[in-house]
Every structure is written in C-alpha cells, then in structure tokens.
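Undergrad: My questions will all concern the structure given below.
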Amino acid sequence: MAIEDDVCVIGGGLAGMTAALRAAREGARVRLLSHKKSTLRHASGLVDILGYDDDELVANPFDALASLPESHPYRRVGGDAVRAGLSLFDDVTGDAYRGNHTDANALVATHGGTVKPTARYPTRVAPGLASQDRKTLLVGFDSLTAFDAPLAADHLAAAGVPGTTRGVTVGFPGDFRADSRVTRFARALDDDETVEIANGSMPVRRALARAVESHLGGAERVGFPAVLGEEESGAVREALESSLGVDVFEVPMGPPSLLGLGLEALFQEALDEAGVRRTTGNPVVEFDASDERIRSVSTDRNGRPTPFHADEFVLATGGLVGKGIDSDREEVVEPVFDCYVPHPDDRYEWFADEAFGDHPFARFGVTVDDDLRPLDADGRTEYDNLRAAGGVLGGVDFAAEKSGSGISLATGHAAGRAAGAATNQ
Amino acid sequence: MATETEALVIGGGSTGCGIARDLALRGVDTTLVERGNLTHGTTGRMHGLLHSGGRYAVSDQESAAECIAESRVLREIASHCVEMTGGLFVQLPADDDEYFEEKLAGCRDCDIPAEVISGEEAREIEPYLTRDVERAIRVPDGAIDPFRLCVANAADAEEHGARIETHAEVTDVLVEDDQVKGVEIRHESGPGKRSHHEPGTTERIEADHVVNATGAWAGELGAMAGVDVEVRPSKGVMTVMNTRQVDTVVNRCRPKGDADIIVPHETACILGTTDVEVEDPDDYPEEQWEVDMMIDTLSELVPILGEARTIRSFWGVRPLYEPPDTGTTDPTDITRQFFLLDHADRDSLAGMTSIVGGKLTTYRLMAEQITDHVCEKLGVEGSCRTAEQPLPGSEDFSVLRDYMEEFGLRSPIGRRSTERLGSKADEVLKTDDPNPVVCTCEAVTRAELDHAIADAGTDLNATRIRTRASMGNCQGGFCAHRIAALLHPEYDEATTRTALDELYEERWKGQRHALWGEQLSQAMLNHALHATTMNRDRYPAASDDGIEYDRFDAGPPTPEAAADGGRRDDAHERADSREDDHGD
Ligand SMILES: Cc1cc2nc3c(=O)[nH]c(=O)nc-3n(C[C@H](O)[C@H](O)[C@H](O)COP(=O)(O)OP(=O)(O)OC[C@H]3O[C@@H](n4cnc5c(N)ncnc54)[C@H](O)[C@@H]3O)c2cc1C
Ligand SMILES: Cc1cc2nc3c(=O)[nH]c(=O)nc-3n(C[C@H](O)[C@H](O)[C@H](O)COP(=O)(O)OP(=O)(O)OC[C@H]3O[C@@H](n4cnc5c(N)ncnc54)[C@H](O)[C@@H]3O)c2cc1C
Chain V
7 MAIEDDVCVI GGGLAGMTAA LRAAREGARV RLLSHKKSTL RHASGLVDIL GYDDDELVAN
67 PFDALASLPE SHPYRRVGGD AVRAGLSLFD DVTGDAYRGN HTDANALVAT HGGTVKPTAR
127 YPTRVAPGLA SQDRKTLLVG FDSLTAFDAP LAADHLAAAG VPGTTRGVTV GFPGDFRADS
187 RVTRFARALD DDETVEIANG SMPVRRALAR AVESHLGGAE RVGFPAVLGE EESGAVREAL
247 ESSLGVDVFE VPMGPPSLLG LGLEALFQEA LDEAGVRRTT GNPVVEFDAS DERIRSVSTD
307 RNGRPTPFHA DEFVLATGGL VGKGIDSDRE EVVEPVFDCY VPHPDDRYEW FADEAFGDHP
367 FARFGVTVDD DLRPLDADGR TEYDNLRAAG GVLGGVDFAA EKSGSGISLA TGHAAGRAAG
427 AATNQ
Chain H
4 MATETEALVI GGGSTGCGIA RDLALRGVDT TLVERGNLTH GTTGRMHGLL HSGGRYAVSD
64 QESAAECIAE SRVLREIASH CVEMTGGLFV QLPADDDEYF EEKLAGCRDC DIPAEVISGE
124 EAREIEPYLT RDVERAIRVP DGAIDPFRLC VANAADAEEH GARIETHAEV TDVLVEDDQV
184 KGVEIRHESG PGKRSHHEPG TTERIEADHV VNATGAWAGE LGAMAGVDVE VRPSKGVMTV
244 MNTRQVDTVV NRCRPKGDAD IIVPHETACI LGTTDVEVED PDDYPEEQWE VDMMIDTLSE
304 LVPILGEART IRSFWGVRPL YEPPDTGTTD PTDITRQFFL LDHADRDSLA GMTSIVGGKL
364 TTYRLMAEQI TDHVCEKLGV EGSCRTAEQP LPGSEDFSVL RDYMEEFGLR SPIGRRSTER
424 LGSKADEVLK TDDPNPVVCT CEAVTRAELD HAIADAGTDL NATRIRTRAS MGNCQGGFCA
484 HRIAALLHPE YDEATTRTAL DELYEERWKG QRHALWGEQL SQAMLNHALH ATTMNRDRYP
544 AASDDGIEYD RFDAGPPTPE AAADGGRRDD AHERADSRED DHGD
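Residue numbers (the working numbering), protein chains in the order written: chain V, 7 to 431; chain H, 4 to 587.
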C-alpha cells in the first residue's frame, strides 16, 4: 500500500518540525521523516535570531535584518517571516520560554563564562540574565567538569557584567559516581531521591540547598548548570528557591543538553497534537521525479526502500552537523536530492587558518530562490515542489553570527506555509 | 546436591564475560564458570588491537562495519580499557597501489573514518617509520586492555546478581533425553580465587540453558555434550618490545599477511602476528621462526625495531570456525565472523547454545546476540542495555581496582596511570575528591591532568603531550575548555583564557589537513559548541569595547507579568495579527 501525504518534510530538527507544524496548520496532511536525533541534543536550547552583524554586537536583531547580505536566508524570507516563525515558537513553547515581551536581545551567561546575545531563552534560564544588576552566585559541581563556576564568575566579572558575580564548587549531594551523566543528576532531582549525606539521609533537593546555603553570602540569585530536572524542572527550581530564599536559574550546557532536548520534546508534542505523522529511524536515500516535480522519496530500511509520496516536499536535513550537507575529499554535496552546494574546488580553501576565522565550510549549504526552492548551479529552480529550510541552507555562518535557531524557525515557517498553501490549490 | 541457575555460561573470556553481564542486566539468574582465571584463554593472549575495521575493509566488510560500530560503543562504555591511539595503514614502494585504493574505498564503504596522508605526514606522526613510506591511510584504530575489560564485565554481572566462579572447570555436560540439564564442575583451590572451596570438590549445576563460550575449546565442550563443533584453532605469535617505538597502531597496507601490525600498549609495543592452524589449543609448538619473522618483517616498516630489545613473546589461539563443508585450506582465509550454533536446531539437542569465532572488538555485539537468543529460549523479555551503560571501570577507577584485586589480576593497562605517574601514583590517584574523566576520547582523569599541570604550568600543549588529553577524535572540541579550567584559580581568568585559546588553536592546526567527511562535520560541531553555545569567539572580556548592558533585555518587566506569559510590545502584536490572516 502506497504512503500518500500532502506534504512530506525530510529532517526532524527545529526547521523540519516548524515546517511540518506550519503546513499542518494550513490543513495539509503532513509526514515528517527523520533519520537520527536532531542537533538540539547538542544545542544550548537558546533561540538566537541575530547576535552579531559584521562583528558588532547587536542589541536589536530586527533593526539589523535589512542590512544583511542579499544571499542571507533572512533576506530570502523577509523580516515578517522571522516574526511569524518566532510567533509559532512562542505558541508551541508557552510558559517554558521567555523573551517575547521585547525585540531586544537578551544576554545569557554561557557555561564558558561569556555572555551570549539571544532572542528566546528557557524560563529556567530567565532569572540569570546578565543585564539585571543583581548579586549573583554561580554554583558548579565538582564532578561536572564542563562548568567551572568560580572561573565562569571571574570571566563574567572581567566582562563588566552588572552586579557582582561569585562562583563556588560543591559536591552534588549523595553517592553519585564521578562520571555520572547529567541525566542522572536530573533524574535524581526529578524524583527527589533520598541521598546519603554526612549525617544521615534526606531528599536530594533539600540536600542540594543545604550544600549551597552557607555560600550564599548575600547573593540575590543562584545559577546552576542546566541539570535541574528533566520532567519536573519547575518543581525542582521552586524547591530550591524556597529553601534558599533567592531566585534560581540555570546556565545552558553542551551535549547532552537538557534544555535542547526539552525544546525538542515541546515541538514533538505539538506535532502529535497537530496530527503530523512522524516516521523516524531511517534515512531518505532516494527520490523519484518527473516533470520537474518530486513524486516520492524513499527511506532505506535495512536495504529495503520504503517510498513516501506527496505533493510538496521540504528539505530540512540540517547542515554539516545534521548531515544534510556532506563532503569527501573532492566535493561538498547535498546527499538526498543532490542539490547544488557552492564550494571552492580546492579543499584547502574550505577553511580559514585560525580556529575562529571566517570559515567557508561554516557557510556550506544549498542556495534558494525567494520561495526557498533550491537552485542549481545556473540559478534555475531544481524542482517546483521542493523547498529547503534550516541548517541545510548555505550562505551564513550561524555559529559566528548567532542565528541558528532563528533561521530554522523563519525558513521552516515560510517553507511549511508555502508547501501547505500549495496543496490547498 | 545440585545448585540451580537459569543460565550457565562456560568460559571467562571476553565473550563469556560479555554474555554474563548482558544476561544479568536483563534480570536473568546467571552463573559463569571458568577453568582458570578470567582471561585465562585467548582473551589474555591477544594483540589488544581495538579494530577500526580497517583491517577487514577489503576482505570482510561485514566484520569491518561491525568493528567500527563496536569500537565507537567501547570508547563510550569502556573508556578506561581503551586507548585511542589511531592507526595507520602504511604503503611501502613494494606495496600495490590498487590495494591501497581498495582499502580506502572499503573503509569509506564501511563508515570507517579514513584519511590519506603523505609519506612525510606519516613520518611526522611516527618518526621511526622508514623513509621509504609512500603514503598512509589514517584510521581510528586503538589499543584495548582485555584484562580490565573482562574484569569490568564480570564485576558488573556480579553487581547485578550473577555468580562468577573462576578456577572451576566443566568436566561433564549433563544430557537427558536430548536435553542439556546442566554441567558438572571441579573446583580447584588456589590463589586469587574468589570464593573458597575445598580442593578437588565437585559441584553439579543445573541450568535451564547452557552457553558454551569456550572459544578455541568449544569443540571439547561440544564433545562432552555429544555434538560436533568444528572449531579450527589457529595460533599467532606476539612479540613485546621494551619501549613504545610507535604511538599509533601501524599496519602494513597489503593483502593479508603475517607480521604486519604494531600495537602500542602502555610503555611497550607489541608486534604481531602469525596465523597457523593447530590441532590442540592447549599444546602447540611456539617456534623461533615466528619471532624472527616479526622483527625482520616489521623492521621493514620501522627500522629501529631491528636493533631494539625484545622483552618476550607469547602466543594465542584464534577460535576460528567455519561451517561444515566450507573446506578452506589457508586459515587466514577463514572468516572472522562469529557464529551462533543453536544445538536444538542443528543437532536436536535442546538447552545449549555455542558461540564461536569473532574478535574481541565485537565481543559486546556477540554477547548481545547470544543473550537475545537465550532470553528468547527462556521466555525473558527485556532489551539490551550494554551499548549504553558504562562498565564499572569506566565510571570509577577505585571500584575497578578493588575488583582487579578481588579477581587476583594485574593488568598492564591497570597500571597505566600508575606508570605514567611513577612514585606519585598513590598521592595523585588516591584522592578523596571525585576523579572524573575530563578527556573522554583518551580517558584522561582530572587527577592525572592536575598532576601534569603541576609540571607544565599554563602550557596546555605540554600537558596534552604528557597525558594525551584532547588528542582524540573530537580534537579538544568537548574537553579543551574543561582542561583549561583546571588552571584556575591558581592562574587568573585572563591567563586561563589565553591558555585555552592556545590549546584550541594548536588542535585546529592539525585538523585542517583532515577537513572532509566526518571530520569536517566534527569541526562544524566543535565550531558550534565553542562559538555558539559558549560564544568563545566573542569573549567580552577580551575585547576593548565594553558592553552596554542596559540596551539588552533584562527579563519580563515584573515577576507577575512573567508568570502570565509576559507582556508583548506593539511591534510584536502587529506581527501576530499578520501571521493569523496569512496576509503576507
Ligand atoms: C552545538 C550546537 C549548538 C547550537 N547552539 C545554538 C544556540 O545556542 N542558539 C541557536 O539559536 N541555535 C543553536 N544551534 C543551532 C540549532 O540547534 C540547529 O542546528 C539549527 O537550528 C539547524 O536545525 P535544522 O532543523 O536545520 O537541522 P538539524 O537540527 O541538524 O536536524 C536535521 C535532521 O535531519 C535529519 N536528517 C539528515 N539527513 C536525513 C536524511 N537523509 N533522511 C532523513 N532525515 C535526515 C537528521 O537526522 C536530523 O534529525 C546550535 C547547533 C549546534 C550544533
Ligand atoms: C594471536 C591473536 C591475536 C588477536 N588479536 C586480536 C586483536 O588485536 N583484536 C581483536 O579484537 N581480537 C583479536 N584476537 C581475537 C580475540 O582474542 C578472540 O576472538 C577473543 O579473545 C576470544 O574470546 P573468547 O571469550 O571467545 O575465548 P577465550 O578468551 O579463549 O575464552 C574461553 C574460555 O573458556 C575457558 N574454558 C575452556 N574450557 C573450559 C572448561 N572445560 N571449563 C571451564 N572453562 C573452560 C578457557 O579457559 C577460556 O578462558 C586475536 C586472537 C589471537 C589468537
């Protein structure tokens, strides 16, 4: 029996999920095909629109959009699409995120001790914004080496962050192994497990507050690495706040990122509610096209192809990290539809010499028209019913300008809406 | 009197220990019996190469793909047993170009990261390689300590309720009406034995299912049960050198052959090997020509081996197996695949399964498949967790050390940190503070890094060379900042920042020659972790212009406003309404 949908989205990252959701809201029957976990597992969980423009720190990203180069994905879809994408995001995330009260960027402390401009931040992170002039205590755990709180505090102080910032390292209460993963700490806090401490045992939330209490020294807010629960994070923070009598916030961390995973879960719930059919675990490897239109794509399941037919397709397979863009020694390719990916012939021109140089590889991706349809090397539309969104788009170093999730939301929204609308005609 | 168990595993090599752990984790009541100490058989007498799969990339791609997948798993779950040295397939003038290309293509086919480097680059990595080197393929080979690996598996099995009996030899397999009922074992006393039994006692263990994981001895066990298991034991020599002439696994890039691999282990190098079929796995000649051949042939690759001192040589027997009637004459042509023999299907003998063939690198996968099979027979539900759940040794050094002692084993890599640290080992490693792994690729702990930093000061590249931290696959992406943080508070934030930048730049320099495929994806991931998540490319403290903090969002206006979702400004309201009527 053939699988038939109106819209088929390939790639289950932020861009693909946004496109699928938006197309479903257009009334389309939507299928979302995804191979592996999205990059949200690695990502901080912050949603950046634009943090830097030509090396300048940007206070209001919306003011800067118009001056971006013509080839930038934001210029393709326009400023309204950026707002529309964010609006959909706000709708999906509800109380779990903050930042929609203003156009201005927020500065969030990073686990490396810098501040980062971002547009939307988890509620768990909100009390920690750098622009609040408050006495801050950062707390690290001695077995969690990715966040060294005293060092981060010194970095932040050197960056002139308002208020004073101190850091302290404590042992996470209880008998956890030295290499416990962050999910282990989170689960213990979720369940408020009873832990053994020096003189007896007590619930871990209380024990953690105890461990921090004596270090408070007048701090008005306390920041922990983002491990304060997966399912029950609100309750965990509340418990700590009421024991400590101060605001508690979290500092976004690297992989596995609970904040990123939490964001993914919110979108997946929304997808299920919207009736989007999700098929995961197998990569799309082939497609069938005729008359400049994609007719179907096929996933590979242990060597057996499964075709998925649809009227409209959205390519949201991510960039180099998500494997939507791949390379070998000779060339850089978009592996599903073999869309054109501009790149220098000589692979020694793919990178800059400095680690944080202006890397051409960071801009690898497909080029698109104003309707987000991929273009071939001669600038002609590849397929009438194929649109691309998110990290697979080229022409931008999202890491340097801090715009990753913003681009995924804006282009995912635009592609989803256009695909959904096309099937209505 | 008989004792009872659900599953009885015979053999305390990597295969048996892996199976016992998997069974125990799935809640099956399990007993493992081993006639010697753990690793008494082939597992304690092997080359210790954690195969990237490169070796099999031309001849046996299925094995190759299994190797790379399992090697990735072991780096995660058994990081303390693994040293990711990297590996080279080196081409000399006499070696065929076509084979070199086939090898490279084979690696790519099997998802094995492979990079061609020039002879000059190869000699930069391994300065003792012969000047003749044409070029080389770089692959993620590694060294693995079979001792710690087995102990950790057995320890975890015990932790989950299994009974592990060493110095307990199976002397008979009990069969009734075409059904295996259990085994008879003889306990022998001796040093290093876990639970005490009188010398010469025997025990009858009844089991719902018996797993024969005796490797090269599987035929003997089969015979006790009255079935044929056609193992073809094949011996191989390994020659241990006095120092570490190479730091990378060095393979000769030509079709199968003897004496074509050098594996660095701790402070030594091990040369190998040969492949000669033997009749009896307990009694075969250990011949001088084999040792001579190691040195003569491998000194073509690394000339100083010709002059270097050899400490000793040892031999092991491969548990090769081929299905009846295959009739391969040359043992090097026998597949390295493993086989699960369901004696119920095959010989109408219920209650017993044999596992033969395979490699240490794929022990976990073999164990998983056998365990799936046994659980099906036992009607036990539950899925395999061994690919995700770290082994005890890979979480906490001291736990493993206790078990090492308990099982009476001294492992060469168990002494790894100790040797690196010399007389300070105890002082450094016996810390009351937790000692987490900071660099996961290379399994370097905080205590070791702290110690190296005490010598090297803020030069993190010097610390890197001492410990190998940040030299693995991620090239510092996941750990450079963690390493740098150890400098603080002894050194201030600005010094720490500079030291980190220096390490990160140095790591970048090397990656530039490998930027395609997987490594390019890794580079982008590193770039995102450091530039996006940490915003390290824009350290505000490093720039001269201060930040005007009051131009940025300081949060929703009041806590109350925040509680009901925050207030929106006008611009935003407008955007919302536009979105609703799809007006644009
Ligand atoms: C380390 C890191 C940190 C980041 N931090 C931030 C941050 O702080 N702020 C911010 O705004 N953004 C950040 N980002 C960016 C953001 O998380 C996303 O990477 C970006 O939004 C791109 O999303 P995407 O949906 O296009 O792609 P991805 O998230 O990469 O998803 C692509 C999906 O497509 C699937 N796929 C690929 N090929 C196929 C195929 N052939 N068939 C089927 N499925 C396929 C993949 O398995 C994956 O699920 C970060 C990214 C990284 C890597
Ligand atoms: C020379 C050589 C080099 C190798 N190099 C590598 C390499 O670099 N990388 C790699 O991945 N693989 C390598 N291998 C293969 C690898 O060593 C083996 O595949 C693996 O160790 C087999 O483990 P096993 O548990 O199946 O067998 P064994 O380790 O042999 O375990 C079987 C156990 O059963 C016990 N036993 C036997 N009879 C009885 C009885 N009657 N009662 C109780 N117990 C009994 C034995 O004492 C033995 O301990 C090499 C093999 C050889 C020979």
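Backbone N, C-alpha and C define an ideal beta-carbon position, used for all residues, glycine too. Remember, predicted model here, so these are calculated numbers, not experimental data.
So, for D63/H: in the same chain, excluding its five sequence neighbours on each side, which residues have a beta-carbon less than 8 Å away from its beta-carbon?
TA: Answer for D63/H: T338, R339 and Q340, listed in chain order.
Undergrad: Exposed or buried, G223/V, counting other C-beta atoms within 10 Å across all chains shown (16 or more means buried)?
TA: So G223/V counts as exposed.
Undergrad: For a contact defined as C-beta to C-beta under 7 Å, what are the partners of D556/H on chain V?
TA: By Cβ distance, chain V contributes G105, T108, A110, N111, A112, L135 and S137.
Undergrad: Could you have a look at C256/H and say whether DSSP puts it in helix, strand or coil?
TA: Of the three classes helix, strand and coil, the one that applies to C256/H here is coil, per DSSP.
Undergrad: With a cut-off of 8 Å, does the C-beta of V201/V fall near any C-beta of chain H?
TA: Judged by the 8 Å Cβ criterion, V201/V is not in contact with chain H.
Undergrad: Just to confirm, are G275/H and G239/H a CB contact at a threshold of 8 Å?
TA: Going by C-beta atoms, G275/H is nearer than 8 Å to G239/H.
Undergrad: Does any residue of chain V have a CB that is nearer than 8 Å to the CB of E496/H?
TA: Yes - at least one Cβ of chain V is within 8 Å of the one on E496/H.
Undergrad: Checking contacts by CB at 8 Å: is P168/V closer than that to chain H?
TA: Yes, P168/V lies at the interface with chain H (some Cβ there is under 8 Å from its Cβ).
Undergrad: Measuring alpha carbon to alpha carbon, tell me which of P116/H, R134/H, R151/H and P492/H ends up nearest D144/H.
TA: Closest option to D144/H, Cα to Cα, is P116/H.
Undergrad: In angstroms, rounded to a whole number, what distance separates the CA positions of L265/V and H54/H?
TA: Taking the straight line joining both Cα atoms gives about 36 Å.
Undergrad: Quick one: any contact between the stretch 193-210 of chain V and the stretch 137-152 of chain V, if contact means 3 or more CB pairs under 8 Å?
TA: Segments in contact, no.
Undergrad: Any chance the stretch 22-37 of chain V sits against the stretch 269-285 of chain V, with 3 or more Cβ pairs inside 8 Å?
TA: Cβ pair count under 8 Å is three or more, so yes.
Undergrad: Below 8 Å on C-beta distance, what does T470/H contact in chain V?
TA: Here the premise fails: no neighbours, minimum Cβ distance about 14 Å.
Undergrad: Any heavy atom of ligand 1 closer than 7 Å to the beta-carbon of D540/H?
TA: Checking the Cβ of D540/H against ligand 1 gives no.
Undergrad: Suppose you measure from the CA of A221/H to the CA of E337/V; what does that come to, to the nearest Å?
TA: About 50 Å.
Undergrad: Counting only runs that start and end within the stretch 364-430 of chain V, where is the beta strand (DSSP E) found for 3 or more residues in a row?
TA: Listed in chain order, they are 392-394.
Undergrad: I believe A155/H touches A72/H by the beta-carbon criterion, under 8 Å. Please report the beta-carbon distance rounded to the nearest angstrom.
TA: Not really, about 20 Å apart at Cβ, beyond 8 Å.
Undergrad: In chain order, what residues of the same chain lie with their CB nearer than 6 Å to the CB of F95/V, ignoring the 5 residues before and after it?
TA: Excluding positions up to five away in sequence, the list reads L415.
Undergrad: Can you find the residues in the same chain that come closer than 7 Å, C-beta to C-beta, to D99/H, ignoring five residues on each side of it along the sequence?
TA: Counting only Cβ-Cβ distances below 7 Å, and skipping sequence neighbours, we find R257.
Undergrad: Would you call the CB atoms of S237/H and D278/H closer than 8 Å?
TA: Against a cut-off of 8 Å, the Cβ pair of D278/H and S237/H comes out as a contact.
Undergrad: Helix or strand or just coil, what does DSSP make of T88/H?
TA: Of the three classes helix, strand and coil, the one that applies to T88/H here is coil, per DSSP.
Undergrad: Should G325/V go down as buried or exposed, given a rule of 16 or more other Cβ atoms within 10 Å for buried?
TA: Label assigned to G325/V: buried.
Undergrad: Quick check: the Cα distance between R235/H and G330/V, rounded to an integer number of angstroms?
TA: Near 46 Å, if we compare the C-alpha coordinates of G330/V and R235/H.
Undergrad: Return the chain-ordered list of same chain residues with a C-beta closer than 6 Å to the C-beta of A370/H, the five sequence neighbours on each side being excluded.
TA: Counting only Cβ-Cβ distances below 6 Å, and skipping sequence neighbours, we find G21, I22 and D25.
Undergrad: Can you find a heavy atom of ligand 1 that lies under 7 Å from the Cβ of D433/V?
TA: Lying before the first or after the last residue shown, residue 433/V is absent from chain V, which here runs from 7 to 431.
Undergrad: Does the beta-carbon of F191/V, which I'm using as the reference point, lie nearer than 7 Å to any heavy atom of ligand 1?
TA: Checking the Cβ of F191/V against ligand 1 gives no.
Undergrad: Under 8 Å between C-beta atoms, does E422/H make it to chain V?
TA: In this predicted model, E422/H has a pLDDT of only 42, less than 50, meaning its place in the structure is not dependable; the value taken from the coordinates is given anyway. E422/H does not count as touching chain V.
Undergrad: Could you tell me how far apart the beta carbons of V281/H and I273/H are, in whole angstroms, since I believe they sit closer than 8 Å?
TA: Not confirmed; about 21 Å, so no contact.
Undergrad: Say yes only if the C-beta of D294/V is nearer than 7 Å to one or more non-hydrogen atoms of ligand 1, and no if none qualify.
TA: The answer is no for D294/V.
Undergrad: I'd like to check one pair, G173/V with R157/V: are the Cβ atoms closer than 8 Å?
TA: First, the residue type needs correcting, since residue 157/V is Leu and not Arg in the sequence shown. Yes, these two residues count as a Cβ contact at 8 Å.
Undergrad: Classify L543/H: buried if its beta carbon has 16 or more other beta carbons within 10 angstroms, exposed otherwise.
TA: A small correction: the amino acid at residue 543/H is Pro; Leu does not occupy that position in the sequence shown. Buried, because 16 or more other Cβ atoms sit within 10 Å of the Cβ of P543/H.
Undergrad: Which residues bound the beta strand (DSSP E) around V208/V?
TA: This sequence places Met at residue 208/V; Val is not what is there. G206 to P209 is the extent of the beta strand (DSSP E) around M208/V.
Undergrad: Where does S386/H land, buried or exposed, given buried means 16+ other C-beta within 10 angstroms?
TA: Exposed: under 16 other Cβ atoms inside 10 Å.
Undergrad: Return no unless some Cβ of chain V is closer than 8 Å to the Cβ of A488/H.
TA: For A488/H, the answer is yes, since a Cβ of chain V falls inside 8 Å of its Cβ.
Undergrad: Provide the residue span of the beta strand (DSSP E) that contains T6/H, from first to last.
TA: A5 to I13 is the span of the beta strand (DSSP E), which, as asked, contains T6/H.
Undergrad: Give a yes or no on whether the minimum CB-CB distance between K43/V and chain H is below 8 Å.
TA: For K43/V, the answer is no, since every Cβ of chain H falls outside 8 Å of its Cβ.
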